[in-house]
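Residue numbers (numbering that gives the first Met the number 0): 0 to 440. Worksheet: one structure, shown below.
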Amino acid sequence: MTVTRFAPSPTGYLHIGNLRTALFNFLIARKAGGSFILRLDDTDPERSKPEYADAIREDLQWLGLEWDREERQSQRLDRYAAAAERMRAEGRLYECFETPDELELKRRTQLAAGRPPVYDRAALKLSEAEKDALRAERAGHWRFRLEQERITWQDGILGPQSIDAASVSDPVLIRGDGQVLYTLASVVDDLEMGITDVVRGADHVTNTATQIQIMRALGGTPPRFAHHSLLTGAKGEGLSKRLGTLALRDLRARGIAPMALTSLMARLGSSRPVELAGSLDELAAGFDPGQFGAAPTKFDEGELVPLTRQHLQSLPFEAVRGQILALGVPEAQAERFWRVTRANIDTLEDLADWWRLCREGAEPEIAEEDAEFIAEALELLPEPPYDATSWGAWTAAVKERTGRKGRALFMPLRKALTGQGHGPEMAELMPLLQRIRAREG
Ligand code: GLU
Numbered sequence: 000m001t002v003t004r005f006a007p008s009p010t011g012y013l014h015i016g017n018l019r020t021a022l023f024n025f026l027i028a029r030k031a032g033g034s035f036i037l038r039l040d041d042t043d044p045e046r047s048k049p050e051y052a053d054a055i056r057e058d059l060q061w062l063g064l065e066w067d068r069e070e071r072q073s074q075r076l077d078r079y080a081a082a083a084e085r086m087r088a089e090g091r092l093y094e095c096f097e098t099p100d101e102l103e104l105k106r107r108t109q110l111a112a113g114r115p116p117v118y119d120r121a122a123l124k125l126s127e128a129e130k131d132a133l134r135a136e137r138a139g140h141w142r143f144r145l146e147q148e149r150i151t152w153q154d155g156i157l158g159p160q161s162i163d164a165a166s167v168s169d170p171v172l173i174r175g176d177g178q179v180l181y182t183l184a185s186v187v188d189d190l191e192m193g194i195t196d197v198v199r200g201a202d203h204v205t206n207t208a209t210q211i212q213i214m215r216a217l218g219g220t221p222p223r224f225a226h227h228s229l230l231t232g233a234k235g236e237g238l239s240k241r242l243g244t245l246a247l248r249d250l251r252a253r254g255i256a257p258m259a260l261t262s263l264m265a266r267l268g269s270s271r272p273v274e275l276a277g278s279l280d281e282l283a284a285g286f287d288p289g290q291f292g293a294a295p296t297k298f299d300e301g302e303l304v305p306l307t308r309q310h311l312q313s314l315p316f317e318a319v320r321g322q323i324l325a326l327g328v329p330e331a332q333a334e335r336f337w338r339v340t341r342a343n344i345d346t347l348e349d350l351a352d353w354w355r356l357c358r359e360g361a362e363p364e365i366a367e368e369d370a371e372f373i374a375e376a377l378e379l380l381p382e383p384p385y386d387a388t389s390w391g392a393w394t395a396a397v398k399e400r401t402g403r404k405g406r407a408l409f410m411p412l413r414k415a416l417t418g419q420g421h422g423p424e425m426a427e428l429m430p431l432l433q434r435i436r437a438r439e440g
């Protein structure tokens, strides 16, 4: 069975880049009828916060990315300790004592000599007596001893990969204070949870090479790996600084529809065109990581607005009823309000503006040459409330009185009532208008 996981660290809010990872893993599981695990990588007790874990769940639920099971690394520490013990017994995990400063010095010396800054394995040469002496001074940390060979895998997005283990430092798996680091926890989880497919960002490619060796050292079989490219801004600029403003909750607050986000992310950077999907199942049916390119993917949040608009226009009243009533639109008028406004909104946020216009009226827009015409027309306009016949009756009366017709008749009247030259059918809108500010001037 296909099993995937999304493994965020609960140290911040999910952003658009995380969504890509979550969505790909979700779609792979969904397409195969498999299982999708939400795994909270919370082994860092200082930076992991329960409120971020809650926010992650809330964001995934909002998007419809339901998970079959939740796992928390902080509750599996004994599993990691057991795996570490096995690797120690087999000589694959060794204790090191360098301080961060010492490591930095080594790194600089290597770079200055034109050598790659790979850990020199000095700790492997320590005698037991030397280690005891160092242990008396400071706590040791533990590195995995890589076999110096080429590590290869067939990447689901990047194609064949080959990394020379000699060019990579032996990864630290356990810190001096005993904290298990991501690499060990992730490998143990991926093996023990039967993960078959791992999709994550291209920034993890080197991790993958080392993780494959650790998995083998633990007697496991590595899953299939695919690394998606990282997102850049619309002009190709790095997004890392802006990701804070591209938190999923901010996009939600701006009225972006989840289906717009998932539709865009399921296609952006692939050989298939971006188009609005009706459901996650529809996205899953056609999803294939192999259709994505390795080049950085340009993300333009502006693309989310037309997709949201298109999505909203496709929604039946029942789907938005709750949100409309929450604005204060009376039950009896809610369905009409949706019918009238849905073609005139970009995001659900815009509904509030239309309701304000209905309730409080709009600042009229009256051209100087129309001032007299509008004054005459307003004399013929009765007080609200209006019904579906009001606009027809009023414009007929105005036409008869002033002789104006067509656009010259309708456009100034629309602008006087709504303050804008475009919008819903006036006949449909009239029954919702509770106040005409132009009449009050
Ligand atoms: N917690 C890791 C991250 O957010 C997970 C990476 C992975 O998918 O293995 O980068």
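For every residue, glycine included, the Cβ atom is placed at its ideal position computed from N, Cα and C. Being a predicted model, the structure only gives us computed values, none of them experimental.
Where residue i and residue j are concerned, what is the direct C-alpha to C-alpha distance, given to the nearest angstrom?
i	j	result
T261	L412	41 Å
E439	F291	59 Å
A252	D41	27 Å
A256	H14	15 Å
E146	V117	14 Å
G63	P430	36 Å
G11	Y51	6 Å
R434	A361	8 Å
W353	V319	15 Å
L303	S34	29 Å
L279	P272	16 Å
K297	L324	38 Å
A415	S313	30 Å
D53	D119	42 Å
Q322	P9	30 Å
R85	K130	21 Å
A88	A21	36 Å
Q160	D154	6 Å
G38	A6	Residue identity check: residue 38 is Arg in the sequence provided, not Gly. Each residue's Cα considered, the two are about 5 Å apart.
D48	I194	The identity of residue 48 in the sequence shown is Lys, whereas the question assumes Asp. One C-alpha to the other measures close to 25 Å.
D299	E65	26 Å
R358	A331	15 Å
A437	W61	42 Å
L432	Y385	7 Å
The alpha helix (DSSP H) spanning residue i covers which residue range?
i	result
E375	370 to 378
W390	389 to 401
T261	257 to 264
L356	348 to 359
I344	Neither: I344 is in no alpha helix (DSSP H) and is coded neither H nor E.
T307	303 to 312
V171	Looking at the DSSP string, V171 is not in any alpha helix (DSSP H); the run it does join, the beta strand (DSSP E), is 171 to 173.
T182	181 to 191
F316	316 to 325
Q60	49 to 62
A246	Per DSSP, A246 belongs to no alpha helix (DSSP H) and is neither H nor E.
Among the options, whose alpha-carbon lies nearest the alpha-carbon of residue i?
i	options	result
L229	V198, A216, S8, P99	V198
R4	S185, G177, L62, V171	S185
G175	E94, G155, A128	E94
A276	D386, A259, V187	A259
L18	D58, P170, Q419	D58
V187	E368, H310, R78	R78
G391	M425, A366, G420	M425
A233	R241, G32, H227	R241
A376	D386, I365, P384	I365
T151	R215, T346, R107	R215
G177	L190, R137, G158	R137
T231	T108, T220, L245, A121	L245
G16	N343, E368, A284, G200	G200
F96	E70, A132, A81	A132
State the start and end residues of the unbroken beta strand (DSSP E) segment that holds residue i.
i	result
Y93	92 to 95
F35	34 to 39
R223	223 to 227
Q160	158 to 163
W152	149 to 154
H140	140 to 143
D196	196 to 200
R68	68 to 71
F5	2 to 5
Report the CB separation of residue i from residue j in whole angstroms; it is logged as a contact under 8 Å.
i	j	result
V447	F316	The first residue shown for the chain is 0 and the last is 440, placing residue 447 beyond what the model contains.
L172	R134	With 8 Å as the limit, L172 and R134 do not qualify as a contact, their Cβ atoms being about 18 Å apart.
T207	F224	5 Å
A265	L282	4 Å
T209	V179	So it is not a contact: roughly 15 Å between Cβ atoms.
L356	T417	6 Å
D202	I27	Actually they do not touch by this definition, with Cβ atoms about 20 Å apart.
I162	H227	18 Å between Cβ atoms; not a contact.
V2	I55	Going by Cβ atoms, the distance from V2 to I55 rounds to 19 Å, so no, they are not a contact pair.
Around the ligand GLU, what residues have a beta-carbon under 5 Å from a heavy atom of it, in chain order? A6, S8, D40, S185, R199
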